[in-house]
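Residue numbering for the sequence shown follows UniProt numbering, beginning at 1 and increasing consecutively.
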Amino acid sequence: MIGALNANEQRQKELGEVIPYFKVTASILIKKENLKDYQKLKDEINPQKIQEISDKKKIITFPSSLYVQKLKEYFENNPKFQVDENNFRDNLPAVLDLIKKGNTDAFVNDTPVIQNIVNNFPNDFASVELNNNVFGDLKPFGLFVNSSYPNKAKIKEALLKVLDLNTKPLKSEDEIDAISDAYKDIFLNKAIKNYQQIQQKLKNQKPFPGFIKLTKKIWSTLPTYKKGFITSFIISIDSVILGFLLALIFVKTKTLIKHYQKTNQKNLMRVYRTFSFFINKTISFLNAIPLTIQALLVFNLFNLFQILRNNTMNFYAALFVLVLNTAANLVKIMMHNIKILSQGQIEAGYALGMSHKQVFHYIIFEQGIKRSYPSVGQQFINNIKNTSLFQIIGLSSLLLQAQRNTTLDFDLWTPYIIVCAIYLIIVFITNFILDKIKKTKQN
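This is the structure we're talking about:
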């Protein structure tokens, strides 16, 4: 079930049936000093009004919103406005930072979002609600339910019950208005009030010098990163272990080809050669495609199967991608270490009367793997850093938590400083352990 999306026809067609729950209008957010340029847009939007605005204006919105296409359609032939798709952002604090710095002039979004920003930063921002606006009849927010879900009626019944509307007989045309009003009174206004109380509490805190204030803030928000850290750590450990085991299978398959070339078992050699070809192409594919694209492809693939659709789907999608990429990286390293083995060891094995199979198993394969052990630790470091990329599929990573924390007080620095510190500590500890293991082996 998905919420907080406008229930337009295209989304209903793609996402399933919808239960509307909140009617919205659009607003435009600008710097307070530029308010006079936009007030003419409040009551009526038409080319005549826009022509009166003197300078070019850069408008920004979230890439997933329905405003993107509407803005392009309306302003693409109007020299007074500029809509740059490359300038879209999906992070609210980053949007506000762009407006403050003058990199963009206006931000279009749903009125509750815009109004909350203005309420918290009245000296910096102003807004204009576009009542009769370019976006036409905005569809209300809706809960999208899969068409095959058997209990759709119960979801709507539960929603009405929560909103205290289940006992009130409503006409169909009045239902959305009643639900929207109740949602605003029970949930939206309460959420805004709670948010304002948090902001006021932050403002009333006793001021500290810069370093002490930063330290206290880091200490108070550090527990929020616990889940992201645990998730990232588990995925990294599991992917290294499973990827290493998979790499062993791949390496053995590739190296056995040379062994069977020296025997009469040509059929087995062809089988291993086929597998080796498949392994090479898989590694080439993984090296060519960015991890984020792989994550999206695997996540959408998992979503095709009902049995995989659950709250852990993004976890297993990320794990699957990291296991394959770990195996691909370790295979390249192991094969390189096998190729550079001293021929003297191999010749000595034959001189001692060892068979081809024994030479392969005890010298070529075993020595190549042993030389690759340090790379396994480095692969763990790479994996734990790469988990940050999987926030694109909703994985509870350190980066995702940092982005959430930026929306609390629109601090774009502290959350990312915390994440950097966590990664630095992990890398330092891992390298320390690897160095200890290396010294122990040398002794």
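From the three backbone atoms N, C-alpha and C, an ideal C-beta is built for every residue, glycine too.
Contact under 8 Å by Cβ, residue i with residue j
i, j, result
"Leu242", "Val323", "yes"
"Asn6", "Phe141", "yes"
"Ile393", "Phe320", "no"
"Asn379", "Thr326", "The question names Asn, but residue 379 is Gln in the sequence shown. In contact: Gln379 and Thr326 (Cβ atoms closer than 8 Å)."
"Leu330", "Ser372", "yes"
"Thr224", "Gln401", "yes"
"Phe244", "Ile279", "no"
"Phe125", "Lys31", "yes"
"Leu26", "Val108", "The residue asked about is misnamed: residue 26 is Ala in this sequence, not Leu. Contact flag set, yes."
"Ile179", "Pro20", "yes"
"Phe390", "Ala318", "yes"
"residue 459", "Lys254", "The structure shown does not extend to residue 459, since the chain is modelled only from 1 to 443, so the question has no answer here."
"Lys139", "Asn310", "no"
"Phe410", "Leu96", "yes"
"Gly349", "Ile363", "yes"
"Leu398", "Phe229", "yes"
"Lys58", "Thr104", "yes"
"Thr414", "Lys217", "yes"
"Leu434", "Gly377", "yes"
"Lys23", "Ile176", "yes"
"Ile192", "Asn116", "yes"
Exposure label - residue i; buried when at least 16 CB within 10 Å
i, result
"Pro209", "Below a pLDDT of 50, predicted positions are generally treated as unreliable, and Pro209, at 47, falls in that range; the measurement from the model is reported next regardless. Its Cβ having fewer than 16 others within 10 Å, Pro209 is exposed."
"Gln358", "exposed"
"Leu29", "buried"
"Thr312", "exposed"
"Ala351", "exposed"
"Ser220", "exposed"
"Ser342", "exposed"
"Asn194", "exposed"
"Glu307", "In the sequence on display, residue 307 carries Ile and not Glu. By the neighbour-count rule (16 or more Cβ atoms within 10 Å), Ile307 is not buried but exposed."
"Phe365", "buried"
"Thr61", "buried"
"Ile340", "exposed"
"Gln48", "At Gln48 the pLDDT is 47, less than 50, meaning the model places this residue with poor confidence; the figure from the coordinates comes in the next sentence. So Gln48 ends up on the exposed side."
"Gly368", "buried"
"Ala421", "exposed"
"Asn383", "buried"
"Leu304", "exposed"
Residue i versus residue j - alpha carbon distance
i, j, result
"Phe187", "Lys213", "33 Å"
"Lys184", "Asp110", "14 Å"
"Ser396", "Ser232", "8 Å"
"Ser239", "Leu301", "19 Å"
"Asn386", "Ala295", "11 Å"
"Lys226", "Arg404", "14 Å"
"Asn34", "Ala106", "10 Å"
"Glu347", "Ile338", "15 Å"
"residue 447", "Tyr416", "Look at the range of the chain in this structure, 1 to 443, and you will see that residue 447 is not part of it."
"Ser375", "Asn267", "34 Å"
"Thr274", "Ile293", "27 Å"
"Ala94", "Pro112", "18 Å"
"Asn189", "Thr282", "53 Å"
"Ile237", "Phe360", "29 Å"
"Leu246", "Ala328", "9 Å"
"Lys441", "Lys332", "24 Å"
"residue 449", "Gln10", "Residue 449 lies beyond the range of the chain shown here (1 to 443); nothing can be said about it."
"residue 445", "Ile114", "Nothing can be reported for residue 445, as the shown portion of the chain is limited to 1 through 443."
Three-state class that DSSP yields for residue i in the structure shown
i, result
"Leu92", "helix"
"Gly368", "helix"
"Asn310", "coil"
"Asp411", "coil"
"Thr104", "coil"
"Asp181", "helix"
"Asp37", "helix"
"residue 472", "Outside the displayed span of the chain (1 to 443) sits residue 472, for which this structure offers no information."
"Ser239", "helix"
"Arg11", "helix"
"Asn325", "helix"
"Ile333", "helix"
"Val118", "helix"
"Asn303", "coil"
"Asp97", "helix"
"Ile289", "coil"
"Gly349", "helix"
"Leu395", "coil"
"Ser355", "coil"
Cross-strand partners of residue i (DSSP beta bridge)
i, result
"Ser27", "Asn109 and Glu129"
"Phe141", "Asn6 and Phe22"
"Glu17", "Val145"
C-beta neighbour in chain D for residue i, strict 8 Å
i, result
"His361", "Absent from the structure is chain D; it holds one protein chain and no more."
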